[in-house]
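Residue numbers (my numbering): 31 to 308. To start, the structure itself, in C-alpha cells.
Listed below in C-alpha cells is the structure:
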C-alpha cells in the first residue's frame, strides 16, 4: 500500500510491545524466536511514520529496536462503563479486590503474607475478604496463590472470569483495590490501573514500584503504598481498624488528572499528535 499510495501515512499502535515484550518469563526457545521475529518487526515498521505506546519506557525500548520516532499515548477508561456504580453500596466484610491477569513477574506473595499476618494477629476473627476476579481461568497463577494461602482459604475468594459490568460492580463494592508491581520492569501500567482511576477508590499498591503505577496513583490521590509484607500488615491492620470504627478513608482526589485518562480526552490528544506529525 505504501508503494502504491506514496502519501499514505502509517502509524503503529503498540498497546503492548512485540518482540521486546518481557512481561512474562520466557524460555530459551521463546527468546530465540523473538530474535528471529525482530527482523520482520524492524523491516515492516521501517515503512511507518511513527508509533505510539502506553508509557515512555515502552516507547524508548521499541524505538531502540525499530529506529522510528515514538510518542506516548496512554491507555484509559471508558467513562460510560462507570456511570452507574456510585450507589451500589459496600460489602459487609472489609474487602480488597484484584481483577484480571496475575503475571509471573508480579510478587503477589508480599501482599498474601501481609494478609496472613493480619489473620494471625486477630486469631482468625477478622471480618476480611480478598477477592481475585478472573484468577480461576489462569491455572498457573491460581495454583500459585492457592498454594500460598493454604490454611487461610476462608479469607480469599478466587473467582472465575465474569462480565465487565459485574466486575465493575464488585470493584465498586470493595473497600480497597489492589495493584501489584511488575518485578524488574519499568513503564508497565497494566489495564486495571485505568479502571481503578475511573472508580476513584483507594488503591493499595503492594509492593510499590517507584514507577508508573506509584506515580499515577500518587498524582490521582488514591494510592496507599507499601513495600514489604510487614508494611502491608501494618497498613491492613490500620485500614481494618478504620473499617470497624466506621471511619471513611480520606482521599484528596485530583479529578482533573483522573479525567485526563478518559478515552475521549486521549482520543483528542491522539488526533493532535497525528496532525502534528503527519
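For glycine and all other residues, C-beta sits at the position ideal for the given N, C-alpha and C.
Spatial distance of residue i from residue j (CA atoms)
i, j, result
"residue 100", "residue 156", "50 angstroms"
"residue 311", "residue 34", "Look at the range of the chain in this structure, 31 to 308, and you will see that residue 311 is not part of it."
"residue 260", "residue 151", "12 angstroms"
"residue 91", "residue 219", "15 angstroms"
"residue 185", "residue 295", "40 angstroms"
"residue 167", "residue 48", "24 angstroms"
"residue 190", "residue 271", "30 angstroms"
"residue 153", "residue 265", "18 angstroms"
"residue 162", "residue 239", "21 angstroms"
"residue 102", "residue 298", "13 angstroms"
"residue 75", "residue 83", "14 angstroms"
"residue 61", "residue 67", "10 angstroms"
"residue 278", "residue 269", "10 angstroms"
"residue 231", "residue 37", "47 angstroms"
"residue 148", "residue 43", "44 angstroms"
Of the listed residues the options, nearest to residue i (C-alpha basis)
i, options, result
"residue 250", "262, 225, 266, 263", "225"
"residue 121", "48, 160, 67, 154", "160"
"residue 119", "45, 171, 170, 201", "201"
"residue 45", "98, 94, 104", "104"
"residue 109", "302, 307, 305, 293", "293"
"residue 287", "274, 242, 227", "227"
"residue 127", "236, 307, 303, 285", "236"
"residue 281", "307, 205, 305, 291", "205"
"residue 141", "211, 252, 87, 199", "211"
"residue 124", "114, 158, 97", "158"
Span of the alpha helix (DSSP H), counted from its first residue to its last, around residue i
i, result
"residue 222", "222-229"
"residue 144", "138-151"
Simplified DSSP assignment, three categories, for residue i
i, result
"residue 46", "coil"
"residue 208", "strand"
"residue 58", "helix"
"residue 170", "helix"
"residue 160", "strand"
Minimum Cβ-Cβ distance from residue i to chain D less than 7 angstroms
i, result
"residue 277", "Annotation note: the requested chain D is absent from the structure, which comprises a single protein chain."
Go through the stretch 234-292 residue by residue and report every complete run of the beta strand (DSSP E) that reaches 3 residues or more, in order. 253-255
Give, in chain order, every unbroken run of the alpha helix (DSSP H) that is at least 4 residues long and sits entirely within the stretch 174-206. List check, alpha helix (DSSP H) in window: 194-203.
Could I get the ranges of all uninterrupted alpha helix (DSSP H) runs contained in the stretch 60-123, with 4 residues as the minimum, in chain order? 86-96
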